[in-house]
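To start, the structure under review is shown below, and the notes come after it.
2 protein chains.
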Amino acid sequence: MITILTGGTGGAKLVWGLAQIVPPEQLTVIVNTGDDLNWWGLHVSPDLDSVLYALAGKLSRERGWGYEGDTFRCLERMNSLGADAWFQLGDLDLATHLLRTQLLSSGKTLTEATAELCRAMEVKVRLLPMSDDPVKTVVTTPAGDLSFQEYFVRERWKPKVTDVKFAGAEKSLSARGVLQSIIHSDLVLIAPSNPVTSIGPILAVPGVRDALKCTPAQVIAVSPIVCNDSVSGPAGAMLKMRAFEVSAAGVARCYADFLDVLIADLQDESTRRQIEAADVQAAFTNTIMKSDDDKIGLAKFALSTVSREAAR
Amino acid sequence: MITILTGGTGGAKLVWGLAQIVPPEQLTVIVNTGDDLNWWGLHVSPDLDSVLYALAGKLSRERGWGYEGDTFRCLERMNSLGADAWFQLGDLDLATHLLRTQLLSSGKTLTEATAELCRAMEVKVRLLPMSDDPVKTVVTTPAGDLSFQEYFVRERWKPKVTDVKFAGAEKSLSARGVLQSIIHSDLVLIAPSNPVTSIGPILAVPGVRDALKCTPAQVIAVSPIVCNDSVSGPAGAMLKMRAFEVSAAGVARCYADFLDVLIADLQDESTRRQIEAADVQAAFTNTIMKSDDDKIGLAKFALSTVSREAAR
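Chain order of the listed sequences is A and B. Here numbering that gives the first Met the number 0 is used: the first residue of the first sequence is 0, the next is one more, and so on. Here numbering that gives the first Met the number 0 is used: the first residue of the second sequence is 0, the next is one more, and so on.
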C-alpha cells in the first residue's frame, strides 16, 4: 500500500507516474484543500482537480492546470457581465465544479463528492481531500492577508510573504481514510509540492503529522527544490519565509521530524551531507518531470528507494 | 407608459419589437417565472432570459432560446459525467445563471438580480419577474405531475395534460412594481404567449388579475392562436384542457374578464363576431413574427390600436 500527500502541479505529475506502475487499489492520494475557493458560487478544489484530471489523463499539458483542450467562453461572458474573472474556469472544467457543488449542497462530504467525481471519470485510485472541513490557506503580505488563490493567481505570487496560516486547521478533522492510510501503508510519499502551502496545510490537519511520525511505513519526500530554486511556483520564497534554506537540505529539515528519505535531483548530489545532517537519508535521481517517461521514472525510483531502504 | 405581460418565445419577439419604437423608460415587462428551475444547482429563469437576451439583441435566432452563437461544451461534459443533460444550458448562457444564482445567494431578490443582469447587458427596459417568490407551474399528466420544463423540454410536450397548477401562487407576492405598472400604464399588452402556462402563472399571482380588471389602461392581448392552432408550443392543447375553444375567440374568452381588445391574425378576420361575443373588441393584423419587421409591425399595430380605441 502506498499513500502520497500532494498539492497540484508537480505532485499531480508524480501521482500520474505512480498510477502507471502501481495497481489503483494500492494507491491512496491525500490532497491539499487549503487552496479551495468559492468561485462564482461554485466549490472549486484546484489541487483535487489537478490530480483528478491527471489520473484521468485529462490534465492540460499546455497549461499544467485545468482540462485538456478546454475553452473559456463562459469565463469571457462572466467577464463581460462584470464578474470577477481572474481565476480561470474553462467550459469543460466548469462541469466538475457544478457537479461537486451540487453534491455538496445535497449534503455529501467533499470526500464523497470526490469519490463520485472519480467514478464519473473512471479514476480508480483512491483520492482523498485532506479534510472535509474548510481549511483556508491565508498568505500574509505587507498589503494584508490574501487567500492562496488571490496571492498565487491574481497577484501572480509577486507580493512579499511575511506569514502563511491555515485558518480552520486546528478545528478540522482529517477526512475519513487519511490517517488510516498513512498508518497502514508500506510507503508514504510526499510529492514534490510546495512544502509550506501545498504539503503544509495537510500537515496542519490534526493527527497527520503524528501519523507520519509513528507510521511503520517508510516516509519518502521528493524535493521540489533543485539547485536552490523551486522547480515551479513560490516554494523557494515560502521556505525562506519559514527560515529554511532554499535547498534540498532545507526541504529535508522542513520534514525532518517524520522523514526517512529525501529524493533530490542529481544536480544536487553534492548536498548529500547537508541532507543527511538533518538525519534524513538522501537519494538522487532526475526529479524534473517533463515527459511521461520522467514521471514514471521518478515513481519507479521512489519505489526502488523504499525497497533499498527496507533492505538496510 | 406601457406594460407587457409575457412568457418567453412569442412574447420575447413582441417585446423586442416594442423596444424598437418605445423609449425604454416607458416600457415595463412583467415576465412569467412559473417555468423557473434549479438546474445543476443554478437558478434558471427561462422566460426572463429569453426576454433579456431578446432586448440585448442576443436571443439565438436559430434556436429561438438561449444566447446567440452559444456552444454546449459544459453541457456535453456534464452529460459524460452522468449529470442530467436534457435541459440545455450553453456555455455563454451559463454565465447568466451563475451570476443570477450568486446574486440570489447573496440575499438579493429575483427582481434585484434581474435589474443587475439588465444593467450588465445594457438593457434599459424595466424587466420584472412576476414575483420574487417561488411559483411553480405543475403540469398534471396521466403519468403524474411534471414541472413545466420536464413537460415541455424533457417530454417535448407530448403527454396528455389533464391539469395545470401554479404551486405557491396563492401565497406569492407580486414583485415590487408589478401591480403599480399595470395600474399606472396607458396600455397593458398581453403578449402572444401561452394563455395557460405563460400568462396563467402571472395572472395567478394575487392582485394581478384584479389590477388588470381595474386599471384605467387599455388592456390588449395578441392571440397566440392562429387558424385554430398554436403558432408554437402547446397553447392549443392547454386551452382545450381548460375547456376554451382553440381559436382567437377562445383566447378572448380566456381573458374576457379584463380584456378590452384582442389582436388576432388577418387569417382569422372571419372570427370577429365570435371574439366580440366575448365582449372583447377585435383587431386584425399579421401576428406571425418571422422577421424583425414583423415584430416592429405588430408592436406598432398594438400601439395604433390603443390610439384608435381611445378615440372611440
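Glycine residues also receive a C-beta, built at the ideal position from the N, C-alpha and C atoms.
Legend entry - Cβ-based contacts, 8 Å cut-off: residues of the segment 89 to 105 of chain B near chain A: Under the 8 Å Cβ criterion, the segment 89 to 105 of chain B contributes D90, L91, L93, A94, T95, L97, L98, T100, Q101, S104.
Legend entry - Extent of the continuous beta strand (DSSP E) run through W38 of chain A: Per DSSP, the unbroken beta strand (DSSP E) holding W38 of chain A starts and ends at 36 to 38.
Inset, instruction - Tell me Q217 of chain B's beta-bridge partners as DSSP assigns them. - result: Its beta-bridge partners are B:L186.
Legend entry - Residue nearest to E244 of chain A in terms of C-alpha spacing, selected from A:D259, A:S180, A:V195, A:E154: The candidate whose alpha carbon is nearest that of E244 of chain A is A:V195.
Inset, instruction - Could you list the residues in the segment 66 to 82 of chain A with a C-beta less than 7 Å from some C-beta on chain B, going in chain order? - result: Those would be T70, R72, C73, R76, M77, L80, G81, A82, in chain order.
Legend entry - Beta-carbon gap between V204 of chain B and S173 of chain B smaller than 7 Å: For the pair V204 of chain B and S173 of chain B, the CB atoms are nearer than the 7 Å cut-off.
Legend entry - Coarse secondary structure for I287 of chain A, derived from DSSP in three states: Coil at I287 of chain A, not helix or strand.
Inset, instruction - Establish whether the CB of G40 of chain A and some CB of chain B are separated by less than 7 Å. - result: The beta carbon of G40 of chain A sits closer than 7 Å to some beta carbon of chain B.
Legend entry - Within-7 Å CB hit, A119 of chain A to chain B: Yes - at least one Cβ of chain B is within 7 Å of the one on A119 of chain A.
Inset, instruction - Would you mind sorting T286 of chain B into buried or exposed? The rule is 16 or more other CB atoms within 10 Å of its CB. - result: The residue is buried, with at least 16 neighbouring Cβ atoms inside 10 Å.
Legend entry - For F165 of chain A, three-class secondary structure by DSSP: F165 of chain A falls in the strand class under three-state DSSP.
Inset, instruction - Would you kindly work out how many angstroms separate the C-alpha atoms of D131 of chain A and S171 of chain A, rounded to a whole number? - result: So the two alpha carbons sit approximately 8 Å from each other.
Inset, instruction - Could you name the residues of the same chain whose beta carbon sits closer than 6 Å to that of R72 of chain B, not counting the 5 residues immediately before and after it, in chain order? - result: By the criterion of a C-beta distance shorter than 6 Å, R72 of chain B is surrounded in its chain by D90, once the five residues flanking it on both sides are discounted.
Inset, instruction - Compute the distance between the beta-carbons of L103 of chain B and A94 of chain B, then report whether it is under 7 Å. - result: No, they are not a contact pair.
Legend entry - Coarse secondary structure for S104 of chain A, derived from DSSP in three states: The three-state reading of DSSP puts S104 of chain A in helix, counting H, G and I together.
Legend entry - Assigned secondary structure, Y52 of chain A (DSSP; H/G/I helix, E/B strand, else coil): It is helical.
Legend entry - Host beta strand (DSSP E) of L26 of chain A (start-end): Note, L26 of chain A: beta strand (DSSP E), 26 to 30.
Inset, instruction - Using the Cα positions of G56 of chain B and D291 of chain A, report the straight-line distance between them to the nearest angstrom. - result: A direct Cα-to-Cα measurement between G56 of chain B and D291 of chain A gives close to 48 Å.
Legend entry - 7 Å Cβ cutoff met for V43 of chain A and V28 of chain A: Their beta carbons are not under 7 Å apart, which means V43 of chain A does not touch V28 of chain A by this criterion.
Legend entry - Three-state secondary structure assigned by DSSP to T8 of chain A: In the three-state reduction of the DSSP assignment, T8 of chain A falls in the helix class.
Legend entry - Beta-carbon proximity of L210 of chain A to L258 of chain A, cut-off 7 Å: Looking at the sequence shown, residue 210 of chain A is not Leu but Ala. Result no, Cβ atoms of A210 of chain A and L258 of chain A do not sit closer than 7 Å.
Legend entry - Test item: CB-CB of I1 of chain B and Q25 of chain B under 7 Å: The answer is yes: Cβ separation under 7 Å.
Inset, instruction - Let me know the secondary structure DSSP gives D256 of chain A once reduced to three states. - result: Here D256 of chain A sits in coil by DSSP.
Legend entry - Same chain, Cβ closer than 6 Å to L41 of chain A, five either side skipped, listed in chain order: H96, T100.
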